[in-house]
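Student:
Numbering (the working numbering), first residue to last: 426 to 664.
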C-alpha cells in the first residue's frame, strides 16, 4: 500500500489523522504504516514528526512539512551514515537541529543495534528536564506526539534512550577533550560546534569513534574547529 503525503497544511493534518485512526483500529494497517516509515523517512517525518515554536500565537506545535532544501539536507544526512562527516552551516529558523534529530530518531526507531551520540558544549544543552533548548527534550517531544501503536518500547534515563525493540541507543554528553574516546558509534551529532572551546581536541578524540560526524553550527570566526571542518567535510549551507 502507498500513501501520498500532502504538503498543504490542512490536507497534511487530515492525512495525519487518517493514519492515526487507521493504525489504531487495524493492526494489519498499523504494521503496513510501520514498514512504510522504515522504508521512507520522508513519509515518516511528514506524517508523524512535529516541531515546537513558542513564539507562535495559540498552538505551539507545528507539523513538519519539509521544503525542497530540507529534503536535500535530510537526504545528505541519511546517505552519510556509516560513510562520511557532514558540516551544516545553519542560520535561524531553518530547522537544522530538528532535522538531524529526526534522522537519528528514525534510524534508532527502525534499525537494529545502532548507537548514536548527541553532543553540545554544556550537558544542560543536551538533556535537561522541561527545557526546549536541550537536544533530548526535542526527542522526547517527537515521541510524545507519536501514536502509541507506532512507539517502540523505550527505556529513558538522563542522557540516554534505549529502544528495547531494536536494541539501539541514543546517548548524550557535553563536549570535552576526552569525549567519545575509546567509544564506537554509528554517528555523532555535535551541535553548535563553533562555540566549543576545545573543539580541536574533540575532533581528535572522536575521529576513530565513528565514520560519521555531523557538525552543526553557526560560524564563530575563522580560528575554530568548526571553521576547519568546513574546509574538509561535505558541507550543507542553510542560509
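The C-beta atom is built at its ideal place from N, Cα and C for all residues, glycine as well.
#1: Should residue 507 go down as buried or exposed, given a rule of 16 or more other Cβ atoms within 10 Å for buried?
#2: Whole angstroms is fine: what's the gap from residue 639's alpha carbon to residue 562's?
#3: Quick one, which of 604, 608, 650 and 509 has its alpha-carbon nearest residue 625's?
#4: Please name the residue, chosen from 458, 620, 431 and 565, that lies closest to residue 491 on a Cα-to-Cα basis.
#5: Tell whether a beta-carbon distance below 8 Å holds between residue 546 and residue 621.
#6: Using a threshold of 8 Å, state whether the C-beta atoms of residue 502 and residue 528 are closer than that.
#7: So, with DSSP's three-state summary, where would you put residue 460?
#8: Quick test of the definition: if touching needs 3 or more C-beta pairs under 8 Å, does the segment 508-517 touch the segment 562-575?
#9: Are the CB atoms of residue 644 and residue 484 within a distance shorter than 8 Å?
#10: With H, G and I counted as helix, E and B as strand and the rest as coil, what does DSSP make of residue 489?
#11: Closer than 6 Å by C-beta to residue 582: which residues in its own chain qualify, once you throw out the five before and the five after it? Chain order, please.
#12: Who does residue 597 pair with in a DSSP beta bridge?
#13: With a 10 Å radius around its C-beta and 16 neighbouring C-beta atoms as the bar for buried, classify residue 444 as buried or exposed.
Tutor: Looking at the coordinates:
#1: exposed
#2: 19 Å
#3: 650
#4: 431
#5: yes
#6: yes
#7: helix
#8: no
#9: no
#10: coil
#11: none
#12: 543
#13: buried
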